[in-house]
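Positions 0 to 582 (numbering that gives the first Met the number 0) are the ones given, in order, by the first sequence.
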Amino acid sequence: MRYSQLLLPTLKETPAEAEVVSHRLLLRAGFIRKLTSGVYTYLPLGLAAIRKVEQIVRQEMNRAGAQEVLLPVVQPADLWIESGRWVKYGPELLRFKDRHERESCLGPTHEEVITDLVRKNVHSYKNLPLNLYQIQTKFRDEIRPRFGLMRGREFIMKDGYSFDGTEDAANATYNKMHEAYQRIFKRCGLSFRAVEADTGSIGGSFSHEFMVLAETGEDTLAICKSGNKAPSGEICNYAANMEKAAGQPPAPLVSEPQLLPLKKIETPGKRKVQAVTEFLGIAPQNLVKTMIYVADGKPVAVLVRGDHEVQPVKLKNMLGAVDVEMADDKQAFGFTGVPTGYLGPVGMKITVVADREVTVMRNFAIGASEKNYHYLNANLGRDFEVSAVGDLRMVTEDDCCPVCGGELEFTKGIEVGHIFKLGTSYSEALQATFLDGNGKEQFFIMGCYGIGVSRTVAASIEQNHDQDGIVFPLPIAPYQVVILNLSPKDEQITQAAEDIYQGLLAAGVEVLLDDRDERPGSKFKDADLIGIPFRVMVGKSFTQEGLIEIRRRDNGQSISVPLSEAVDNLVATIRAELNELSA
RNA sequence: CGGGGCGUAGCGCAGCCUGGUUAGCGCGCCUGCCUUGGGAGCAGGAGGUCGGAGGUUCGAAUCCUCUCGCCCCGACCA
Numbered sequence: 000m001r002y003s004q005l006l007l008p009t010l011k012e013t014p015a016e017a018e019v020v021s022h023r024l025l026l027r028a029g030f031i032r033k034l035t036s037g038v039y040t041y042l043p044l045g046l047a048a049i050r051k052v053e054q055i056v057r058q059e060m061n062r063a064g065a066q067e068v069l070l071p072v073v074q075p076a077d078l079w080i081e082s083g084r085w086v087k088y089g090p091e092l093l094r095f096k097d098r099h100e101r102e103s104c105l106g107p108t109h110e111e112v113i114t115d116l117v118r119k120n121v122h123s124y125k126n127l128p129l130n131l132y133q134i135q136t137k138f139r140d141e142i143r144p145r146f147g148l149m150r151g152r153e154f155i156m157k158d159g160y161s162f163d164g165t166e167d168a169a170n171a172t173y174n175k176m177h178e179a180y181q182r183i184f185k186r187c188g189l190s191f192r193a194v195e196a197d198t199g200s201i202g203g204s205f206s207h208e209f210m211v212l213a214e215t216g217e218d219t220l221a222i223c224k225s226g227n228k229a230p231s232g233e234i235c236n237y238a239a240n241m242e243k244a245a246g247q248p249p250a251p252l253v254s255e256p257q258l259l260p261l262k263k264i265e266t267p268g269k270r271k272v273q274a275v276t277e278f279l280g281i282a283p284q285n286l287v288k289t290m291i292y293v294a295d296g297k298p299v300a301v302l303v304r305g306d307h308e309v310q311p312v313k314l315k316n317m318l319g320a321v322d323v324e325m326a327d328d329k330q331a332f333g334f335t336g337v338p339t340g341y342l343g344p345v346g347m348k349i350t351v352v353a354d355r356e357v358t359v360m361r362n363f364a365i366g367a368s369e370k371n372y373h374y375l376n377a378n379l380g381r382d383f384e385v386s387a388v389g390d391l392r393m394v395t396e397d398d399c400c401p402v403c404g405g406e407l408e409f410t411k412g413i414e415v416g417h418i419f420k421l422g423t424s425y426s427e428a429l430q431a432t433f434l435d436g437n438g439k440e441q442f443f444i445m446g447c448y449g450i451g452v453s454r455t456v457a458a459s460i461e462q463n464h465d466q467d468g469i470v471f472p473l474p475i476a477p478y479q480v481v482i483l484n485l486s487p488k489d490e491q492i493t494q495a496a497e498d499i500y501q502g503l504l505a506a507g508v509e510v511l512l513d514d515r516d517e518r519p520g521s522k523f524k525d526a527d528l529i530g531i532p533f534r535v536m537v538g539k540s541f542t543q544e545g546l547i548e549i550r551r552r553d554n555g556q557s558i559s560v561p562l563s564e565a566v567d568n569l570v571a572t573i574r575a576e577l578n579e580l581s582a
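Given below as structure tokens:
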């Protein structure tokens with residue numbers, strides 16, 4: 000491609016709307032333009048980068064035995080009503096009526112459609128396993144779109160769905176996808192981590208997220224940094240997101256301390272943990288706080304140690320609830336008749352559950368369920384009972400790895416992929432069955448596998464940039480090489496640039512020729528900004544010494560070679576680097 | 001949804017508080033000259049219903065009301 004003919008409107012100044020690096024650079028480098036909130040147009044270079052990611056995804060999905068399809072964007076409400084998600088999905092699902100007043104929606108994901116397809120067309124175990132995927136524009140009406148391509152309302156996603164006949168087969172498929180995802184993100188040249196995750200609104204039994212590691216990530220991950228050997232004998236690589244991450248279970252008490260008598264103390268105006276513990280002269284670790292949550296409309300009291308925090312997703316999973324939210328002060332008072340700050344489990348009318356750490360606490364402080372009073376020396380089992388115990392709290396960096404006991408470290412990441420083992424939740428809801436070898440009707444065991452394609456490009460920029468612009472990894476760069484003709488009026492230079500351009504094209508290299516009538520400085524700046532991995536400069540040094548300069552965008556190293564060697568040199572380097580990543 | 005902010009040329013902004021000639025500046029864009037290894041210089045030029053509607057006023061980018069759009073923050077740890 001010749002730069003002079005390319006729609007590549009780079010900007011010297013940063014548009015005011017852009018907050019994060021990837022958004023700023025995507026705009027400045029002329030990759031995207033915003034149409035409206037959370038909705039972007041992809042310009043030629045932006046699209047080229049997206050296509051590169053798509054192509055890697057396709058190759059690896061196909062290699063793993065999946066087949067590509069393309070499902071409709073517009074979907075009838077009926078299917079969503081049938082699966083139960085018309086009600087559950089909430090306002091992110093953009094709904095509308097067509098001219099016949101039929102309820103419809105724009106697909107934010109395609110479990111319903113694919114399950115419908117399979118139930119109508121696959122009826123025998125002989126056709127299993129089946130793994131279908133598509134790469135398509137999705138629409139989710141996000142509450143607050145932000146960060147450009149990182150959290151748009153419209154975005155490009157690869158979503159895949161697998162159908163298996165047995166648990167073993169389904170698990171094998173899941174593992175195969177896990178491997179495919181590892182290969183995909185490695186081939187994209189990204190530094191990433193697979194972490195254990197909650198299954199969220201999609202539902203299912205287990206799940207991993209693929210996170211690109213970057214300071215600006217929206218998610219926090221807990222990863223084991225011990226390098227210890229896990230019981231399995233492998234190096235421990237435990238990693239989980241905050242919704243899922245756990246520490247080691249609490250150590251049992253070495254010796255059972257004497258239980259002291261329960262004692263009611265006046266604590267006027269002391270509501271917050273810090274205020275109460277300071278007033279009582281105890282550590283927050285010796286207080287149990289009582290948090291009121293609303294789970295599917297029903298109140299539940301959650302007990303956690305004073306210095307811990309409830310992890311709502313863990314609570315949701317323990318209760319088997321669809322929706323869990325913390326009650327506000329008014330709701331909490333309505334449920335318990337006690338003002339927040341003095342809530343306690345003794346005499347609590349609503350369901351009480353406890354974090355497992357509470358079970359190893361003795362003689363601790365709690366609210367007295369009465370304004371301005373707390374109890375000292377409360378004990379679980381003697382003074383109150385709970386209906387369930389489990390890991391309900393957020394891990395901290397003080398916790399130890401649940402697998403090997405090593406040190407946990409928190410890092411930020413950007414979710415670019417998510418795989419779920421769904422089980423039979425959708426096949427049951429939509430009555431999708433096949434006949435097994437015994438002629439018995441069975442539900443398909445499903446999995447689903449997503450990759451945020453447009454987000455992957457943004458995440459890559461978050462991870463790979465410098466002051467001058469984007470630094471694309473070679474495999475997803477919109478062009479592999481940019482040739483700068485530094486003196487378009489000089490015939491000798493122009494001819495040399497042209498020769499290299501034709502030579503690279505003939506060798507199948509993706510190359511951009513900057514043939515614009517611009518000063519060299521502008522060309523350098525633009526080349527840096529758009530992040531092309533290899534920059535070839537044809538200028539003075541060619542007319543004077545016959546040398547072509549080849550410079551790497553990532554580390555700035557450059558070499559000078561004779562014209563005759565330029566093409567071969569680049570081709571060899573590019574091949575070698577791509578091979579290394581796809582090995 | 002709540003809170004805050006912004007909307008003036010393609011982009012970035014000033015002007016508004018304290019109403020008053022032809023509404024400015026930088027970048028970009030067009031023409032010419034000049035220059036050519038890190039976003040040069042000179043000269044000339046195009047481009048604005050000041051987001052929209054209504055109101056106050058002799059007079060509104062400026063004051064008031066409504067409206068639309070966009071950006072940022074916010075999911076409550078008692």
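C-beta atoms are modelled at their ideal positions from N, C-alpha and C, and glycine is treated no differently.
Here the structure is a predicted model, which is why all the values come from computation and not from measurement.
Should Val566 be labelled buried (16 or more other beta-carbon atoms within 10 Å of its own) or exposed? Buried, by the Cβ-count rule.
Give me the residue from Asp354, Pro267 and Val359 with the minimum Cα distance to Ala250. Closest by alpha carbon: Val359.
Bridge partners of Arg355, per DSSP? Residue pairing by DSSP leaves Arg355 without any beta bridge partner.
Under the rule that 16 or more other beta-carbon atoms within 10 Å means buried, what is Lys51, buried or exposed? Result: buried.
Nearest-angstrom Cα separation, counted from Ile222 out to Arg270: Inter-residue distance for Arg270 and Ile222 is about 34 Å (C-alpha atoms, whole angstroms).
When Leu6, Phe146, Tyr160 and Glu16 are compared against Glu67, the one with the closest alpha-carbon: When each option's Cα is compared against that of Glu67, the closest is Tyr160.
How would you label His122, buried or exposed, when you count the other beta carbons within 10 angstroms and need 16 or more for buried? By the neighbour-count definition (other C-beta atoms within 10 Å, threshold 16), His122 is an exposed residue.
Tell me, to the nearest whole angstrom, how far the beta carbon of Ser453 is from that of Phe154; I am working on the premise that it is less than 8 Å. At roughly 5 Å, the Cβ-Cβ gap stays under 8 Å, so Ser453 and Phe154 are in contact.
Where Glu53 falls, given that 16 or more other Cβ within 10 Å makes a residue buried: The residue is buried, with at least 16 neighbouring Cβ atoms inside 10 Å.
For Ile492 and Leu485, which I take to be in contact (beta-carbon distance under 8 Å), what is that distance rounded to the nearest angstrom? About 7 Å separates the beta carbons of Ile492 and Leu485, which is inside the 8 Å limit, making them a contact pair.
Does the segment 210-220 come within contact of the segment 412-427, defined as at least 3 CB pairs closer than 8 Å? Contact check between the segment 210-220 and the segment 412-427: three or more CB pairs, one atom from each, fall below 8 Å, which counts as touching.
Is Lys51 helix, strand or coil when you go by DSSP? It is helical.
Output yes or no for whether 8 Å exceeds the beta carbon distance between Asp435 and Tyr124. For Asp435 and Tyr124, yes; Cβs fall inside 8 Å.
8 Å Cβ shell around His307 - same chain, five flanking residues per side excluded: In its chain, beyond the 5 residues on either side, Asp354, Glu356, Arg392, Met393 and Thr395 have a beta carbon closer than 8 Å to the beta carbon of His307.
Could you tell me if Asn130 is buried or exposed, where buried requires 16 or more neighbouring beta carbons within 10 angstroms of its beta carbon? Only buried fits Asn130, as 16 or more other CB atoms lie within 10 angstroms of its CB.
Check for me: the beta strand (DSSP E) holding Pro298 runs from which residue to which? Going by DSSP, Pro298 is part of the beta strand (DSSP E) stretching over Lys297 to Arg304.
Hey, out of Thr335, Val38, Pro283 and Val351, whose CA is closest to Leu314's CA? Restricting attention to Thr335, Val38, Pro283 and Val351, the CA atom closest to the CA of Leu314 is found in Val351.
Element boundaries [beta strand (DSSP E), containing Tyr160]: Glu153 to Asp163 is the span of the beta strand (DSSP E), which, as asked, contains Tyr160.
Best match in Val301, Arg361 and Lys224 for proximity to Asn390 [C-alpha to C-alpha]: Checking the sequence shown, residue 390 turns out to be Asp, not Asn. Ranking Val301, Arg361 and Lys224 by Cα distance to Asp390 puts Val301 first.
According to DSSP, is His109 helix, strand or coil? DSSP, read as helix, strand or coil, puts His109 in coil.
Terminal residues of the continuous beta strand (DSSP E) containing Phe433? Thr432 to Leu434 is the extent of the beta strand (DSSP E) around Phe433.
8 Å contact criterion, which Tyr478 and Ile531 should meet: CB distance rounded: Their Cβ separation, rounded to whole angstroms, is 5 Å, which keeps Tyr478 and Ile531 in contact under 8 Å.
Kindly indicate which residue of Asp322, Gly468, Met317 and Val312 has the alpha-carbon position closest to the one of Val293. Minimum Cα distance to Val293 is reached at Asp322.
Between the CA atoms of Glu369 and Lys348 - distance to the nearest angstrom: A straight line joining the alpha-carbon of Lys348 with that of Glu369 spans about 13 Å.
List the whole-angstrom C-beta distance separating Gly56 from Lys185, where the pair is believed to meet the contact cut-off of C-beta under 8 Å. One point to set straight first is that residue 56 is Val, not Gly, in the sequence displayed. In this structure Val56 is not in contact with Lys185, their Cβ atoms being roughly 13 Å apart against a cut-off of 8 Å.
Just to confirm the assignment, what range does the alpha helix (DSSP H) spanning Asn170 have? Its alpha helix (DSSP H) spans residues Glu166 to Arg186.
Assuming Lys288 is part of the beta strand (DSSP E), what are its boundary residues? From DSSP, the beta strand (DSSP E) with Lys288 extends over Val287 to Ala294.
To the nearest angstrom, how far is it from the Cα of Gln273 to the Cα of Leu25? So the alpha carbons of these two residues sit roughly 45 Å apart.
Measuring alpha carbon to alpha carbon, tell me which of Glu217, Arg361 and Val385 ends up nearest Leu252. Answer by Cα proximity: Arg361.
So the candidates are Val456, His417 and Leu127; which of them puts its Cα closest to the Cα of Thr432? With distances taken between Cα atoms, Thr432 lies closest to Leu127.
What residues are listed by DSSP as bridge partners for Leu220? Under the DSSP definition of a beta bridge, Leu220 partners with Asn240 and Thr410.
Whole angstroms are fine: how far does the CA of Arg101 sit from the CA of Thr423? Using only the alpha carbons, I get a separation of about 29 Å.
Beta-carbon separation of Gln181 and Ala193 under 8 Å? Yes; because the gap between Cβ atoms is below 8 Å, this pair is in contact.
Thinking C-alpha only, which one of Gln284, Leu569, His99 and Val20 is nearest Gly594? Lying outside 0 to 582, the shown extent of the chain, residue 594 is not represented and no answer is given.
Measure the CB-CB distance between Pro344 and Thr289 and report whether it falls below 8 Å. Yes, they are a contact pair.
Mark Ser591 as exposed unless 16 or more other C-beta atoms lie within 10 angstroms of its C-beta, in which case mark it buried. Outside the displayed span of the chain (0 to 582) sits residue 591, for which this structure offers no information.
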